[in-house]
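> Chains as they are written, first to last, in this note's numbering: chain P, -8 to 291; chain W, -8 to 291; chain R, 36 to 252; chain X, 36 to 252.
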Amino acid sequence: MSKVMTMTEAISKFVKSGDLLFISGAQHGEPSAAIHEIVRQKIDHLTVVACLVNTQQLLIGEGLVDKVLTGYMPQDESRSTGLAKSRRIGKRPEIKEYSHFGIAMALLAGQMGIPFMPLKCMIGSDMLKYNDNITSMERPFDGGQIGAVKAITPDIGILHVQRCDAEGTAQKWGTVGVDQEGINASRKIIITTEKIVDADVIRRDPNRTMIPGFRVSAVVEQPWGAHPMHMASCYNGDMFGYMMDLRGEEKYEAYLKDLVYGTANWDEYLKKRAEVKGEEYFKNLEIKNPVKSEPIISGF
Amino acid sequence: MSKVMTMTEAISKFVKSGDLLFISGAQHGEPSAAIHEIVRQKIDHLTVVACLVNTQQLLIGEGLVDKVLTGYMPQDESRSTGLAKSRRIGKRPEIKEYSHFGIAMALLAGQMGIPFMPLKCMIGSDMLKYNDNITSMERPFDGGQIGAVKAITPDIGILHVQRCDAEGTAQKWGTVGVDQEGINASRKIIITTEKIVDADVIRRDPNRTMIPGFRVSAVVEQPWGAHPMHMASCYNGDMFGYMMDLRGEEKYEAYLKDLVYGTANWDEYLKKRAEVKGEEYFKNLEIKNPVKSEPIISGF
Amino acid sequence: MTQEKTQEELEKEAGYTATDQMVISAARQIKNDDVVYVGVGLPMLASLFAKNSHAPDCNIVIENGTIRSYIFALPRATDSLQVHYQSDQLTGLANVNYLGQSGHINIGFMGAGQVDRYGNCNDTAIGDYHNPVHRWPGSGGGNDVMSFCKATTVILRQSKQRFPERVDFVTCPGYLDGKPGRREEIGRPAGNGPVAVITNLGIYGFENGEMVLESVH
Amino acid sequence: MTQEKTQEELEKEAGYTATDQMVISAARQIKNDDVVYVGVGLPMLASLFAKNSHAPDCNIVIENGTIRSYIFALPRATDSLQVHYQSDQLTGLANVNYLGQSGHINIGFMGAGQVDRYGNCNDTAIGDYHNPVHRWPGSGGGNDVMSFCKATTVILRQSKQRFPERVDFVTCPGYLDGKPGRREEIGRPAGNGPVAVITNLGIYGFENGEMVLESVH
């Protein structure tokens, strides 16, 4: 049975109410198309773990999130329309705060299959007073104290990549934020990809693989799937334009109505956004002077 | 001051008597040329940490090693000529035994800068009776027991790669064994490389980088520097031929006399070895039907 | 007449060797959707046999850092350019073992110097550790395989020396002293452990942490 | 006349702004062989200024996973394709912080909501945590920078609210209560900590864990 399916199918089959959801892409290549689909399907009571992911505010604003595990999140409601709306509708999520590295190490412990990770940050801060997933512990071998963060094992992880094969063996390059740890820590995995390629393309460069296909549940091909963020090799981002598009109740609601609930899928979103932004909008985000890497050789 | 130097210079400047030495290349691309040079310079009282590295038996046999940290090492002296010789000359090293993953996690803790790594292997085995770098500890958060291995932070690490730039920013592909952890954990670092390339080659594919140049002390260009092991993209190996060449006192001593002490450097070794093995020997190890990876694009 | 000679005679009659039988028996442990952790030698042979017959879609994980779903030629070592070629992922030893430690590898194979009634394996020393009668090279990936894989199969040739009541040195703990929950107590993943021992003579399973004969070849 | 107006007048006379002065002062902290951990904003500006002037060989480490020795255009965010382009290494957040946690990043810059006399920074909340008067976005990489870098410089505009005796919430511990060895006691790397606070008015250093005025711009 093929893993390749539409976004609608993948999200409805594998993202469930109450799930702990990992969203990839720390400012680089987040799975925006998938997030829009979760909003459309109103899958709720989510706990979200992510690092610097912009589209998570849509999930929060639409009241789908019970809890956020985060290192950094705008919490001044006068500047965060999504968070302000969540309070208005009585669905403001609980927020557990870490440092960025704390989130990374919690996900790494999840990937590694160990219950905690020792670390030398966060300890001594007041974060420990309000987040019982961080603690101080005695070190084995030499004694003395060290910090520890509890493992995070997401129920479902969504990773957007440049390319993967039909089995889901997925390759992402550029900065990878907490993607390697987060997606490998996840129990179920959806790969959304700019392009599904022949397995041979993957297998001629297996060092780029971030996750092997046998770990993956669903594969969705979605060009421009990370817009408005940038995607290495594919397109530049418009993060600040996007932030302005969502700033203030009126604009936020218009964006949701027109571009999320008013579209059936990401291709419709892209078409509508191009209509609003002008025909040059996506063209301007294309890569202007691409240079190529040296191919490497395999064989024996 | 350039980091590019001869092997003789690099080894004499940066490998010191008493050092804890990390040798890269778990069956793939070990820095054989560098090991020969350490033997020639008789740098002794080393503690060696490595995984499945074949040339380490030369260091042991020549009495240069006080201690080995290892997951797997032939210790039947009737089959390990190097170890037998070390006993004969009164220099048999102490051997601290881990599992492979135990060694990897000790080096990872070193890379990460934490004093230990929790893990779920080795515990319950008799290894803990004879290796006090492995222990059992109570878990924070949920209680109960888990294993832990003490960090290893080598004084000097040697990594052989396919390519690096003159600053030492180094890229290796193919299986990477414990290279990523071991070389990043090392305080001083020598990169030996099949080829020094222009920095632009590295920077058009920065995801392949294993270690950034600012961490590196010396760069040595040495084609066929991992022979008799294989090196992805470059050549096949002759591990079994090499093992036979060193089996038994007579052959072992002949190898050392002719190919190590009897040569001034690796280029002479390669020339002598070709003379002994026949002119087709190195040609037969070349890659026969190379295929190329798809280049990736960078730019904005 | 020793057992060894009988074995040889039987092999001649049957047209296949005891080693062939061990490989086939091991291969039968592998199902089509399995993720298999293998080392070199008989385990590698068994996984490749399975992949070429009843389990074409199984994934093969090799300790040095190779993950493959595509068929390949039998390698002479756990790592070679043949093993790299056309693999799905090339990475390091840590990464492939993370897959194991986090419960994503369901079946593992390993050789062993000795195995005892509780499935504990010795790959280290016979006799005193500091003054051994015999030395093997140590755990290698053996302890990792038996610690992490959901179900581990041990493959070794059978003899009285190789099947002691209790091994002299526990390199890879099976069910330790056989009491229930002993693996979990010390912090190993729950529900894992050795499930089969395949020898030149037959196949053993485990019941309540103790080895029992299941079939004779 | 408020301080703010005086500041503006001074800037007009001088031909450069207080922000310019902060950037230059921060850049002066960077030596040619430094490895610098920067976030977006003034720290990024300072490191790029240093790289374009007196420290052309410094290495710049950015939290999302970029390590660069080659000059680049000022980015608007910590990650963009301009930041990726022609870098030495692209990796993840974990990896760049390993460099810090293991002692290989000597200088770090960070902004802060508030800083107190012991160099403790607040990037979280003013007032009660559960019912705050004001909220900032939290640590981000701030706690990591101040935990890991050998020497951390804090850059912020000066005001009474931003310089309380003790911060309401310790997001990034400096010297905690100022007693010697407090950072090491709780398990942070030895000998690290804040070394400078640069504001629009002047530069502060630390003596025995306490902030002291070093110079006025």
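We put the beta carbon where it would ideally sit given N, CA and C, even for glycine.
In the DSSP assignment, what are the bridge partners of R/R170?
R/A160
> Indicate whether R/C207 and R/D158 have their beta-carbon atoms separated by less than 8 Å.
yes
> Alpha carbons only, please: which of W/I202, W/R264, W/I94 is nearest the one belonging to X/H139?
W/I202
> Assuming X/S104 is part of the alpha helix (DSSP H), what are its boundary residues?
Element bounds for X/S104: n/a, residue is neither H nor E.
> Give me the DSSP bridge partner(s) of P/C155.
Residue pairing for P/C155: DSSP places it in a beta bridge opposite P/A161, P/I187.
> Any beta carbon of chain W sitting closer than 8 Å to that of R/N99?
yes
> Return the chain-ordered ranges of every beta strand (DSSP E) run that is complete within the segment 18 to 67 of chain P and spans a minimum of 3 residues.
37 to 41, 56 to 61
> Please look up how many angstroms separate the CB atoms of W/K141 and W/A97, rounded, as I've assumed it's under 8 Å.
About 6 Å separates the two Cβ atoms, so the contact holds.
> Mapping the DSSP letters down to three states, classify X/S82 as helix, strand or coil.
helix
> Using 8 Å as the threshold, is the C-beta distance between P/A24 and P/Q213 below it?
yes
> Can you check DSSP and say which residues form a bridge with W/H221?
In DSSP, W/H221 forms a bridge with W/H19.
> Taking the beta carbon of X/E98 as the centre, do at least 16 other beta carbons fall within 10 Å, making it buried, or is it exposed?
buried
> Which runs of the beta strand (DSSP E) fall wholly inside the segment 112 to 156 of chain W and span at least 3 residues, in chain order?
125 to 129, 136 to 141, 147 to 155
> Taking the alpha-carbon of W/E285 as reference, which of P/V207, P/I193, P/N256, P/M234 has the nearest alpha-carbon?
P/I193
> Does X/K195 come out as helix, strand or coil in the three-state DSSP assignment?
coil
> Using Cβ-Cβ distances below 8 Å, what residues of the segment 115 to 129 of chain R are close to chain P?
S115, L116, Q117, H119, Y120, Q121, S122, D123, Q124, L125, T126
> Which residues of the segment 218 to 232 of chain P have a Cβ closer than 8 Å to any Cβ of chain X? Give them in chain order.
H221, A223, N227, G228, M230, F231
> With a CB to CB cut of under 7 Å and the five nearest residues on each side skipped, what residues in its chain are close to X/M246?
R152, G154, V232, Y239
> How is R/N130 classed by DSSP in three states: helix, strand or coil?
helix
> With contact counted as at least three CB pairs below 8 Å, one residue from each stretch, are the segment 50 to 61 of chain R and the segment 72 to 90 of chain R in contact?
The segment 50 to 61 of chain R, when compared against the segment 72 to 90 of chain R, does touch it at the 8 Å Cβ threshold.
> Identify whether X/V247 lies in helix, strand or coil by the three-state DSSP scheme.
strand
> Thinking C-alpha only, which one of X/I161, X/H165, X/G173 is nearest X/G146?
Nearest in C-alpha terms to X/G146, of all of X/I161, X/H165, X/G173, is X/G173.
> Across which residues does DSSP place X/C207 in a beta bridge pair?
X/C156
> Could you tell me whether the Cβ of W/I287 comes closer than 8 Å to any Cβ of chain P?
yes
> Do X/I102 and X/V131 have their CB atoms nearer than 8 Å?
The answer is yes: Cβ separation under 8 Å.
> Put X/Q117 into one of helix, strand or coil per three-state DSSP.
Residue state, collapsed to three classes: helix.
> Excluding sequence positions up to five away, which residues of its chain have a Cβ less than 8 Å from the Cβ of W/Y89?
L60, T61, G62, A97, M113, M118, N122, N124, I125, V140
> In angstroms, rounded to a whole number, what distance separates the CA positions of X/L45 and W/R206?
44 Å
> Mapping DSSP to helix, strand and coil, what is W/K263?
helix
> At a Cβ cut of 7 Å, what residues of the segment 83 to 108 of chain X count as close to chain W, listed as they run along the chain?
N94, I102, S104, Y105
> P/T126 CB to nearest chain W CB: under 8 Å?
yes
> So, does the CB of P/M103 fall closer than 8 Å to a CB anywhere in chain A?
Annotation note: the requested chain A is absent from the structure, which comprises protein chains P, W, R and X.
> Would you say P/I180 lies against chain R (beta-carbon separation less than 8 Å)?
Chain R contact via Cβ: absent.
> Decide if the segment 165 to 181 of chain X is in contact with the segment 119 to 127 of chain X; the criterion is three or more beta carbon pairs, one per stretch, under 8 Å apart.
Contact between the segment 165 to 181 of chain X and the segment 119 to 127 of chain X is absent: fewer than 3 CB-CB pairs across the two stretches fall below 8 Å.
> Within its chain, find whatever has a CB closer than 6 Å to the CB of R/M79; leave out the 5 residues flanking it on each side and keep chain order.
V73
> Quick one: list the residues of chain X neighbouring W/E129, beta-carbon separation under 7 Å, in chain order.
Under the 7 Å cutoff, chain X gives no residues; its nearest Cβ is about 17 Å from W/E129.
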